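Residue numbers (the numbering used here), protein chains in the order written: chain A, 4 to 318; chain B, 17 to 409.
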């Protein structure tokens, strides 16, 4: 694919404006960008877990989806769409579909519906190898219900169920590494991406995921202005800092081979990423220096592991 | 053309699935329904059907996948029991509110806890208000016949609701009995093709399913769903008539056995009806005016019809193979007494909870109940309306 932002921007929108997502939220940008990777002539069946995206884009009697859309419940978006994909296989085989276009199956879920309550359903659908893509928009907490911690919440983040208190300073556990878990499913394509710069990385990865046969997984960092407490115009700056600090490395794993898509020449300290966000402010208080140190060590460790995985799988 | 065979209930139902050749089956193993996906997998892998078979990782995903599939315009089936049905709970309501005619065999088994794999009706009775049609069968023949009729009932445009085909675990699911099968072509013709008006795979008419539905609309949607379930009653009778034309086997909302002049009656459902009919025959031979009503359609509940059928009785025992644990009787009892309310003041009704966790129900147990009814008929004061049959206490 020759990616050209100008050309891609001309493709028809598959998620219309007028939905109710917050200003400064990255999720609709992610959805629109992923869907832009679809060939114009293809039809899509799009699933969503319960969450901000679902309640804001499909509110009876309105829908922002131009393709077919289904939401059932919180923990089963992957299973639901796996059923739709199986139906497509069956009806194609039985010659019951008189359509010439291809139909693609894409599921969106937040980190709550993906890392936590929907993990089993996701694992099942991926292991069975349905020809579908699961896209996690990872905003690192249960934002729809009011910013409760999830297993995707970064260490020390202040959430409503892991408050930065006087005795316990935010979330105590490190973030679950879901992308690795998905790699362990031996999927044909797994990628971690972000809507960044001219959107080349996310666009190319979305296209690859949608048009690679089998179950593919995309994990996309999705800043949330309410939960992360940043100034809304800073959205893309925050995403860039997540990548430049290696808190959110851009990489892909194709049939087990790792490829890091971007290696910062000078890795920025994590302070640069956490400073503009309200959820980490307690880490800058006197006496909490250890928090920043510990967070940095964890990020470094994960980054080094990733670099080694790239080396090992590309002998 | 009918084919004489000897099959277990699960074999019979899976055979019906083979004959119908659904588009998608998504299922997860749980005793005693496990054989259904197991037998069906062999049909798939031996080319007897061209169904897409999804071996999901849980019952919650089974029902979720069934929803996704049925919403895509595919005729979709599954089977479960007990805890499997309980794990589907959330999705049962979503399936019915989306008006998706999914066909599910519920091979009745006790719910945990304590863990028990044997038959009672606590699983499907717990799901009785989930918006699904519930049809109950006494034996393998009825499980098979009901399953075939279920497809036409659920997919009828006036209904469009999912349906549970319930029959007793082990007693019906595993016991091998004589059965009359219908030939493959007749079954295929009877159920016809599934051609829903809207589905997810139609590029020319995309749809959105499962929206957030706020107070301005939610109530109306539930009201429409209630109407669809009401509509099911007439459709069930019409389909039964067509089925009788094909097979000669007659079905209705419930079966009345020796009810014409019955003064004493028992009402129950599923396999215990076989034992109860035997006892009715014995007592009739002794000159006693006893009868039996076996409920076939529990949802929608045949309120008017059941009240009419019991109107000439003097004393009635409702037997529930599930306890509601509400201090006010089992689910069948409360529904029937509600049905009778305001229509008759003369019938005395008592309730027995029986057979929980597979406790065997023998001829003597049923005879005991009729004896009690006789005593009440003869003037004995009712000491307790709610009773437990054959429990050690």
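All residues carry an ideal CB built from backbone N, CA and C; glycine is no exception.
Being a predicted model, the structure only gives us computed values, none of them experimental.
Out of curiosity, what's the CA-to-CA distance linking residue 104 of chain B and residue 13 of chain A? 43 Å
Using 7 Å as the cut-off, classify the Cβ of residue 294 of chain A as near or not near the heavy atoms of the ligand ADP, replying yes or no. Of the ligands one can find in the structure shown there are none, so the ligand ADP has no counterpart to examine.
Residue 92 of chain A CB to nearest chain B CB: under 8 Å? yes
CA-CA distance, residue 271 of chain A and residue 201 of chain A? 21 Å
Cβ atoms of residue 38 of chain B and residue 71 of chain B: under 8 Å apart, would you say? no
Residue burial classification, residue 58 of chain B (beta-carbon count within 10 angstroms, cutoff 16): exposed
Quick check: the Cα distance between residue 275 of chain B and residue 123 of chain B, rounded to an integer number of angstroms? 28 Å
Taking 8 Å as the CB-CB cut-off, is residue 216 of chain B touching chain A? yes
Would you say residue 229 of chain A faces chain B, with C-beta separation under 8 Å as the test? no
Can you tell me whether residue 341 of chain B is helix, strand or coil according to DSSP? coil
Hey, residue 140 of chain A and residue 263 of chain A: beta-carbon distance below 8 Å or not? no
What do you reckon, are the CB atoms on residue 283 of chain B and residue 352 of chain B nearer than 8 Å? yes
Following the continuous alpha helix (DSSP H) through residue 354 of chain B, name the residue where it begins and the one where it ends. 347-356
For residue 385 of chain B, which of helix, strand or coil comes out of DSSP? helix
Any beta carbon of chain A sitting closer than 8 Å to that of residue 356 of chain B? no
Backbone secondary structure at residue 175 of chain B - three-state DSSP: coil
Alpha carbon of residue 3 of chain B to alpha carbon of residue 323 of chain B, nearest angstrom: Only positions 17 to 409 of chain B appear in this structure, which leaves residue 3 of chain B out of reach.
Nearest to residue 377 of chain B (by Cα), restricted to the options B:402, B:389, B:206 and B:407: B:407
Are the segment 100-115 of chain A and the segment 250-258 of chain A touching by the rule of at least three beta carbon pairs closer than 8 Å? no
Sufficient close CB pairs (3 or more, under 8 Å) joining the segment 212-219 of chain A to the segment 7-22 of chain A: no
Over the uninterrupted beta strand (DSSP E) stretch that includes residue 219 of chain A, give me the two end residues. 218-224
From the beta carbon of residue 66 of chain B, is the nearest beta carbon of chain C less than 8 Å away? Protein chains A and B are contained in the structure displayed, whereas chain C is not.
Going by DSSP in three states, residue 18 of chain B sits in which element: helix, strand or coil? strand
Collapsed DSSP secondary structure at residue 137 of chain B in the structure displayed: coil
Any idea which residues DSSP pairs residue 315 of chain B with across the strands? B:150
Using only the alpha-carbon positions, how far apart do residue 82 of chain B and residue 54 of chain B sit? 17 Å
Quick one: which residues of the segment 36-54 of chain A get their C-beta closer than 8 Å to a C-beta of chain B? List them in chain order. 46, 48 and 50
Is it the case that the segment 221-228 of chain B contacts the segment 46-66 of chain A, given that we only count it when at least three CB pairs across the two stretches are under 8 Å? yes
How do the segment 114-121 of chain B and the segment 316-333 of chain B stand: do at least 3 beta-carbon pairs fall below 8 Å, yes or no? no
Please name the residues in the segment 289-318 of chain B whose beta-carbon is closer than 9 Å to at least one beta-carbon of chain A, in chain order. none
For residue 59 of chain B, which three-state DSSP category applies? helix
Quick one: any contact between the segment 39-50 of chain B and the segment 176-194 of chain B, if contact means 3 or more CB pairs under 8 Å? yes
Hey, does residue 171 of chain B have any beta-carbon neighbour from chain A nearer than 8 Å? no
Along chain B, which residues have their Cβ under 8 Å away from the Cβ of residue 220 of chain A? Correct list: empty, because the minimum Cβ distance to chain B is about 16 Å.
Spatial distance of residue 403 of chain B from residue 368 of chain B (CA atoms): 5 Å
With three or more C-beta pairs closer than 8 Å as the rule, is the segment 159-166 of chain A touching the segment 268-283 of chain A? yes
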